[in-house]
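Q:
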Amino acid sequence: MTMVSPVREDATEDQQKAASAMEAQASVEQELLSADQAQVLSKMAKYHGLPRSGDIVMIQSEHTGAVDILSADLESADLLGDHRRAFPPGLFLGGELPVLSVSPPLIAPPCIWTFAKMKEFKSKLGKEKNSRLVVKRGEVVTIRVPTHPEGKRVCWEFATDDYDIGFGVYFDWTPVTSTDITVQVSDSSEDEDEDEEEEEEIEDPVPAGDVERGSRSSLRGRYGEVMPVYRRDSHRDVQAGSHDYPGEGIYLLKFDNSYSLLRNKTLYFHIYYTS
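Residue numbers (our numbering): 1299 to 1573.
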């Protein structure tokens, strides 16, 4: 005859009760989590574009799909940089590393035109300091033009001797610390982009540019495209354009001669802002 100890029977009953309680708690937590996710998802359609100070920011886990909503004081420059941001796990449902899904704001197209007074334009700029430079074969020259606190629009005019040149305009959403215009020269678009990759460390480059010019230029996530790089007949007509400031940042005017293996290009340019 087998004897069963009462103490062992009580212990077994306690374990069963504890297991039942844990299962019930897990079931309730799962229901609450599903309800929270459904509530968050129902609000997602109300919010679009870049969050501003005090706006609601939606965060979604890249592993579990869990979504949380929080109010944050974030600068647009930060949002246009890294798409991954490390927040404390307690801020998010599921405690996973979140993905902040933010799309750069749309940029309005520029106004562009040409005029035929080539000789007068070159004669005038040829006498001015820092208004003429040589873009050597295989080179890309980037003129960085910060937005000016007294301006509302950037304007450009340029021409070349004898041959065309690639030209495009991009916008860098970096906060402006100086209004000085600077010139950057790189051996090719590829080398220039490698430098930008090392500086920015941003994933998923966005390709842009003219296939014909033979350059595989790609700009990073924080750059907005005002006008892609294409070859312009700047040796026949003066190329001109303007663009209203989309916000604070730096315009990148790219003069691309990377497709040319033999010819240097003499560039005459005039860049200014208006209010």
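The C-beta atom is built at its ideal place from N, Cα and C for all residues, glycine as well. All values reported here derive from a predicted model rather than from experimental measurement.
Do you know whose CA, among His1533, Ala1406, Thr1477, Gln1314, lies nearest Phe1419's CA?
A: Translated into the one-based positions of the sequence shown, residue 1419 becomes position 121. For the residues His1533, Ala1406, Thr1477, Gln1314, the minimum Cα distance to Phe1419 belongs to His1533.
Q: I think Gly1436 touches Asp1485, with their Cβ atoms under 8 Å apart; what is that distance to the nearest whole Å?
A: Position 138 of the sequence shown, counting from 1, holds the residue named residue 1436. Position 187 of the sequence shown, counting from 1, holds the residue named residue 1485. The pair is a contact, with the Cβ atoms about 6 Å apart (cut-off 8 Å).
Q: Kindly indicate which three-state DSSP category Gly1424 falls into: helix, strand or coil?
A: Translated into positions along the sequence shown, residue 1424 becomes position 126. Helix at Gly1424.
Q: Please report how far the alpha carbon of Gly1545 lies from the alpha carbon of Asp1535, in whole angstroms.
A: Residue mapping note: residue 1545 aligns to position 247 of the sequence shown, counting from 1. Residue mapping note: residue 1535 aligns to position 237 of the sequence shown, counting from 1. One C-alpha to the other measures close to 31 Å.
Q: Let me know the secondary structure DSSP gives Lys1563 once reduced to three states.
A: Along the sequence shown, read from residue 1 onward, the residue named residue 1563 stands at position 265. It is a strand residue.
Q: With 16 as the cutoff for other CB atoms within 10 Å, does Thr1480 come out buried or exposed?
A: Taking the first residue of the sequence shown as 1, we reach residue 1480 at position 182. A residue is called buried when at least 16 other Cβ atoms come within 10 angstroms of its Cβ; Thr1480 does not meet this threshold and is exposed.
Q: I'd like to check one pair, Cys1453 with Ser1540: are the Cβ atoms closer than 8 Å?
A: Numbered from its first residue, the sequence shown carries residue 1540 at position 242. Numbered from its first residue, the sequence shown carries residue 1453 at position 155. Going by beta carbons, Ser1540 and Cys1453 fall inside the 8 Å limit.
Q: Taking buried to mean at least 16 other C-beta atoms within 10 Å of its own C-beta, is Gly1464 buried or exposed?
A: Within the sequence shown, the letter at position 166 stands for residue 1464. With 16 or more Cβ atoms within 10 Å of its Cβ, Gly1464 is classed as buried.
Q: Does the segment 1443-1450 come within contact of the segment 1410-1417, defined as at least 3 CB pairs closer than 8 Å?
A: No, they do not touch.
Q: Can you tell which of Met1320, Pro1403, Ala1317, Ser1318 has its C-alpha closest to the C-alpha of Glu1523?
A: The count along the sequence shown starts at 1 and reaches residue 1523 at position 225. Checking every option, the nearest Cα to that of Glu1523 belongs to Pro1403.
Q: Measure the beta-carbon distance from Tyr1521 to Gly1424 and round it to whole angstroms, keeping in mind my assumption that it falls under 8 Å.
A: Locating residue 1521 in the sequence shown gives position 223, counting from the first residue. Locating residue 1424 in the sequence shown gives position 126, counting from the first residue. Their Cβ separation, rounded to whole angstroms, is 32 Å, which puts Tyr1521 and Gly1424 out of contact at 8 Å.
Q: Considering only DSSP beta bridges, list what Asp1542 is partnered with.
A: Here residue 1542 is taken as the residue at index 244 of the sequence shown, counted from 1. In the DSSP output, where bridge partners are listed per residue, Asp1542 has Arg1451.
Q: Name, in chain order, the residues that DSSP records as bridge partners for Ser1484.
A: Stepping through the sequence shown from its first residue, residue 1484 is reached at position 186. DSSP lists Val1438 as partners of Ser1484.
Q: In this structure, what does DSSP give as the bridge partners for Ser1464?
A: What you label residue 1464 is simply residue 166 of the sequence shown in a count that begins at 1. Reading off the sequence, residue 1464 comes out as Gly, not Ser. Note: Gly1464 sits in a beta bridge opposite Arg1529, Asp1554.
Q: Determine the closest residue to Ser1556 out of Asp1478, Asp1462, Asp1542, with distance taken between C-alpha atoms.
A: Taking the first residue of the sequence shown as position 1, residue 1556 is located at position 258. The option with the nearest alpha carbon to Ser1556 is Asp1462.
Q: Could you tell me whether the Cβ atoms of Lys1450 and Thr1572 are closer together than 8 Å?
A: For this step, residue 1450 is matched to residue 152 along the sequence shown. For this step, residue 1572 is matched to residue 274 along the sequence shown. Closer than 8 Å, so yes.
Q: Pick from Thr1475, Ser1318, Pro1526: whose alpha carbon is nearest that of Phe1553?
A: If you number the sequence shown from 1, residue 1553 lands on position 255. The shortest Cα separation from Phe1553 among Thr1475, Ser1318, Pro1526 belongs to Pro1526.
Q: By alpha-carbon positions, which one of Phe1456, Lys1417, Val1438 ends up nearest to Asn1428?
A: On the sequence shown, position 130 is the one that residue 1428 refers to. Closest by alpha carbon: Phe1456.
Q: If we call anything under 8 Å between Cβ atoms a contact, is Leu1551 one with Val1467?
A: The sequence position of residue 1551 within the sequence shown is 253, counting from 1. The sequence position of residue 1467 within the sequence shown is 169, counting from 1. A contact, by the Cβ cut-off of 8 Å.
Q: If the criterion is Cβ atoms closer than 8 Å, does the pair Arg1530 and Gln1537 meet it?
A: The residue you call residue 1530 lines up with position 232 of the sequence shown. The residue you call residue 1537 lines up with position 239 of the sequence shown. Yes, these two residues count as a Cβ contact at 8 Å.
Q: According to DSSP, Asp1470 sits in a beta bridge with which residue or residues?
A: Numbered from its first residue, the sequence shown carries residue 1470 at position 172. Partner(s): Tyr1521, Ile1548.
Q: Taking just the CA atoms, how far does Ser1476 sit from His1568?
A: Against the sequence shown, residue 1568 aligns to sequence position 270. Against the sequence shown, residue 1476 aligns to sequence position 178. Taking the Cα positions, His1568 is about 19 Å away from Ser1476.
Q: DSSP three-state call for Ala1414: helix, strand or coil?
A: One-based indexing of the sequence shown puts residue 1414 at position 116. It is coil, neither helix nor strand.
Q: For Thr1475, does the three-state DSSP call read helix, strand or coil?
A: Reading the sequence shown from its first residue, position 177 is the one you call residue 1475. Thr1475: coil per DSSP, three-state reduction.
Q: Looking at Tyr1570 and Phe1469, is the spacing between their C-beta atoms short of 8 Å?
A: Here residue 1469 refers to the residue found at position 171 of the sequence shown. Here residue 1570 refers to the residue found at position 272 of the sequence shown. Cβ atoms of Phe1469 and Tyr1570: not closer than 8 Å.
Q: Within its chain, find whatever has a CB closer than 8 Å to the CB of Asp1542; leave out the 5 residues flanking it on each side and keep chain order.
A: If you number the sequence shown from 1, residue 1542 lands on position 244. Excluding sequence neighbours, Asp1542 sits near Ala1406, Lys1450, Arg1451.
Q: Please state whether DSSP places Gln1314 in a helix, a strand or coil.
A: Translated into the one-based positions of the sequence shown, residue 1314 becomes position 16. In the three-state reduction of the DSSP assignment, Gln1314 falls in the helix class.
Q: At the level of alpha carbons, what is the spacing between Ala1316 and Ala1322?
A: Start at 1 with the first residue of the sequence shown, and residue 1316 comes out as number 18. Start at 1 with the first residue of the sequence shown, and residue 1322 comes out as number 24. If you take the alpha carbons of Ala1316 and Ala1322, they lie about 10 Å apart.
Q: Measuring CA to CA, which of Met1416, Gln1313, Val1432 is closest to Lys1562?
A: Here residue 1562 corresponds to residue number 264 of the sequence shown, with the count starting at 1. First, the amino acid is wrong: residue 1562 is Asn here, not Lys. Closest in alpha carbon position to Asn1562, among Met1416, Gln1313, Val1432, is Val1432.
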